[in-house]
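Quick note on the numbering used here: the sequence shown kicks off at 999 and runs consecutively.
Quick reminder that beta carbons are idealized off the backbone N, C-alpha and C, glycines included.
I have placed the structure first, in the form of structure tokens, so that the comments after it can refer back to it.
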Amino acid sequence: LAALGATLPLSVAVPPPEARSIADIWSALGGELKPSLDVVITVPFPVSPTYDVAPPVTEGAVVAVRGLDGEPGDSRPRMTRKRRDGDGAGADT
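Right under this line is the structure:
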């Protein structure tokens, strides 16, 4: 918060709005009203989290097929996408 340089508005002992009847809540719970103060602090926070960006993908994924027994089959691992050369033509890698 210090890095933002923002002030934090603070309100104390402001009467609650009519829609928020604390006396009704305590009465419904069978409790007694007790003296209290409401303290409200308004704090800014980011709406969406910030994530570090992963490095760019430069290679395709490789798929290797295994038999039902879990042993490697006799096929070679294969690339699952094509990489583009500088001229825009696709080439298997």
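Legend entry - Proximity below 8 Å, CB of ALA1062 to CB of PRO1070: Their beta carbons are under 8 Å apart, which means ALA1062 touches PRO1070 by this criterion.
Inset, instruction - Output yes or no for whether 8 Å exceeds the beta carbon distance between VAL1037 and VAL1010. - result: yes
Inset, instruction - Report the three-state DSSP secondary structure of THR1005 (helix, strand or coil). - result: Here THR1005 sits in coil by DSSP.
Legend entry - alpha helix (DSSP H) runs wholly inside the region 1022–1053, at least 4 long, in chain order: none
Legend entry - According to DSSP, residues forming a beta bridge with PRO1075: Its beta-bridge partners do not exist; DSSP assigns none.
Legend entry - Buried versus exposed call for GLY1088 [16 or more other C-beta atoms within 10 Å across all chains shown]: Low confidence applies to GLY1088: its pLDDT is 48, below 50, so where it sits in the model is not reliable enough to give any reading.
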